[in-house]
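I have placed the structure first, in the form of structure tokens, so that the comments after it can refer back to it.
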Amino acid sequence: MKNITESVRFFAHYFKRYWVAMIAIVVFTIFATWAQVKAPVYMGRSITELSKYLMMKLNPMTASQASLADFHHALWTFAIFVLLMLVGLFINAMIQSIVASNSVNQMRKGLFGKMQRMTVRYFDSHQDGEVLSRFTSDLDNIFNAMNQAIFQLFSQVAMLVGVVWMMFNESPKMAWVTIASTPVAVILAALIIVQAKKFVDAQQAEVGHLNGYINEQINGEKVIITNGLQEESIKGFVAHNDKVCRASTLGQTWSGVLFPLMQGMGLFNLAIVIFYGATQALNGDLSARAAGLGLIVTFVSFSQQYYQPITQITSTYNMLQLAMTGAHRLNEVFEQDDEINPANGVKFNGVQDKIVLDDVHFGYNEDREILHGINIEVDKGQMVALVGPTGSGKTTVMNLLNRFYDVTGGAVKFDGIDVRDMDLQSLRDNVGIVLQDSVLFTGTIRDNITFGKPDATDAEVIDAAKQANIHDFIMTLEKGYDTEVSDENSVFSTGQKQLLSIARTILTAPDLLILDEATSNVDTVTEAKIQKAMDNVIAGRTSFVIAHRLKTILNADKIVVLRDGNVIEQGSHAELLAQGGFYAELYTNQMVFE
Ligand SMILES: Nc1ncnc2c1ncn2[C@@H]1O[C@H](COP(=O)(O)OP(=O)(O)OP(=O)(O)O)[C@@H](O)[C@H]1O
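Take the sequence shown: its letter number 537 is residue 597 in our numbering, and every next letter is one higher.
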């Protein structure tokens, strides 16, 4: 029930923007339904008139007065109602598809916009495939349901009400006979739906597991090939695939049974209606027989019209269920917290004096603290290197500087102002980050360099590329800066990608720099290039560098050594060496292996 209320609210939110169209849908649905339930009456009447006429012709002595004109009139009226019904249904279908397409378009835009406002925490804690499926399968399910089930549900209910009303108007006795089998049909449908739901849910869960497995295997393809595990990978896939097959066979069998069963019930009902109608007609006098014949024809149509909504509603149940799940999953995203941007936040125009991490405590979740009271002080223009074993909290410190996460204790302050009191946009505008895994976007090399400053001139782009030591390489490419950066045409090595991303950062001229050194898996020539590019980008800027190779940070103004979320040593390279502590040990060990 909670699910239904949530879904109704969800869809109402989108439909209310199209209230004129919705009113039109209601009007045309009522109109089409009215025409649809009226048509059988005239079809019946035409048969009555025809029977009367034939009886008169066969037996001229009868008192019955009948003319072919009455028959024609009834037949024409029937045709006009059918035409009106078709016009109503056609206009409705058009409006419905416009509303469905636009609503889903709106949902997709809203979802993507929401993604851009959400916290890094969400992306850190959700798999890419899981996020992506909101845009693909969930929105597809919603779209299909809108096109084929939601509006139809409304028109089918209208049809049910309309036909019941018309039946009682025409003949209460025949109406009771027509609807008598409904409880049996509803109970049967409910039993099957419960079974089908159980297996369809299982089928969805198995499809989810299969997708997760495929995602994981594709990401790990290189490891699989390296270890010669292709056969094992296929075995794992087949096991998941078989489970999907089993669950979907059961799910689809149960849901597939519903439609023919309801149709069968409808035909069975038809037989009852004809039998009862015929008994009534045969017991009447001649004119009552003629009218009875017409009434049977009318109720044959009514009976079909009465069972049609029951069949349709039950057979689209699965689709509605999937759309409800989709709405719930989209809502889950919409209800996520946005990044907190303080009202009237202080505009950050770059570091004037110093950056201070004051007794910073932090944990990604409540039960595990990662940083336990960190104190770091950096003067404007200084370069600080964060070193320490893996998992010691270096990236976590960077995450706090850019306010990807908020501290749980203490504060990160720029010139005495807490980052939580700063205008988020101005903070991000002034902080440049070069990550270890450089990301290139679809587009040309120029597009990628100008990503953070789309209005940059060619001269600025070239200057940034030169500083990043990548200009010469770009010029060796046939199309130079216009070379497309696409997966199939990926001409870039890891090191080159990082140089491009350094060029991108140089172009935005950030005041504060955060660099995650990525020199560990590149050749020595590229390493030297990256080092030079990093020196260029660091020059004259306050910068934090996560260093994996200590020889790249020997000139740092300050080296902060982290271990298990604590700062255990701080100072210049020479000072820390002299101390003979953890850093000295780390350095000596690295030098041995270099
Ligand atoms: N998004 C996250 N959610 C929960 N825990 C996390 C998250 N990111 C990191 N951690 C945990 O925080 C701790 C510190 O991680 P962090 O990435 O800051 O270390 P690091 O010093 O940068 O390591 P490395 O040198 O390997 O990059 C680790 O124990 C890690 O498991």
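C-beta: ideal position from N, C-alpha, C; glycine also. All figures in this text were calculated on a predicted structure; none of them were measured in a lab.
Burial check for ILE370: the Cβ neighbour count within 10 Å reaches 16 or more, so the residue is buried. The residues LEU171, ARG389, LEU390, VAL393, in chain order, have a CB closer than 7 Å to that of ARG194 in the same chain once the five nearest residues on each side in sequence are set aside.
Taken from the Cβ of GLY555, every heavy atom of ligand 1 lies 7 Å or farther away. Taking non-hydrogen atoms of ligand 1 into account, the C-beta of ASP184 is found less than 7 Å away from one of them. Membership of MET443 in the beta strand (DSSP E) is indicated by the continuous run 443-447. Judged by DSSP in its simplified three-state form, ILE509 adopts helix. For SER163, the uninterrupted alpha helix (DSSP H) run begins and ends at 128-177, by DSSP. Counting only residues of its own chain and dropping the five nearest sequence neighbours on each side, LYS117 has no CB closer than 6 Å to any other CB. Shown here, HIS608 sits in coil according to DSSP, grouped into three states, outside any helix or strand. Annotation: the continuous beta strand (DSSP E) that includes GLU629 extends over 626-631. The alpha carbon of ASN596 has as its nearest neighbour, out of LEU573, PHE138, ILE606, the alpha carbon of LEU573. Around the beta carbon of LEU143, fewer than 16 other beta carbons sit within 10 angstroms, so the residue counts as exposed. Neighbourhood of ligand 1, defined by CB distance below 5 Å to any of its heavy atoms: ASP184, TYR424, ILE430, THR450, GLY451, SER452, GLY453, LYS454, THR455, THR456, in chain order. VAL420 places its beta carbon less than 8 Å from that of VAL472.
Secondary structure of ASN435 (DSSP, three-state): strand. In the DSSP assignment, LEU382 falls within the unbroken alpha helix (DSSP H) covering 377-394.
By DSSP's assignment, LYS454 forms no beta bridge with any residue. In terms of Cα proximity to LYS112, the closest of HIS132, PRO100, PHE297 is HIS132. In the three-state DSSP reduction, ASP475 falls in the coil class, being neither helix nor strand.
When DSSP states are grouped into helix, strand and coil, PHE422 belongs to the strand group.
Judged by DSSP in its simplified three-state form, ASP489 adopts helix. In this structure, the beta-carbon distance from MET384 to SER67 falls below 8 Å.
Listed as beta-bridge partners of GLY469 by DSSP are HIS421. Collapsing the DSSP output to three states places ARG69 in a helix. In this structure, the straight-line span from the alpha carbon of ASP398 to that of ARG177 is close to 5 Å.
Going by C-alpha positions, VAL267 is about 16 Å away from VAL191. C-alpha of ILE505 to C-alpha of GLY540: approximately 8 Å in a straight line. Straight across, the Cα-Cα distance linking LEU353 with ALA307 is about 50 Å.
Contact between VAL621 and GLU577 is ruled out by a C-beta separation of about 15 Å, above the 8 Å threshold. Secondary structure at ARG194: helix, using DSSP grouped into helix, strand and coil. Ranking ASN462, THR586, PHE138 by CA distance to the CA of LEU575 puts ASN462 first.
When C-beta atoms of the stretch 221-235 are compared with those of the stretch 265-285, fewer than three pairs fall below 8 Å, so the two segments do not count as touching.
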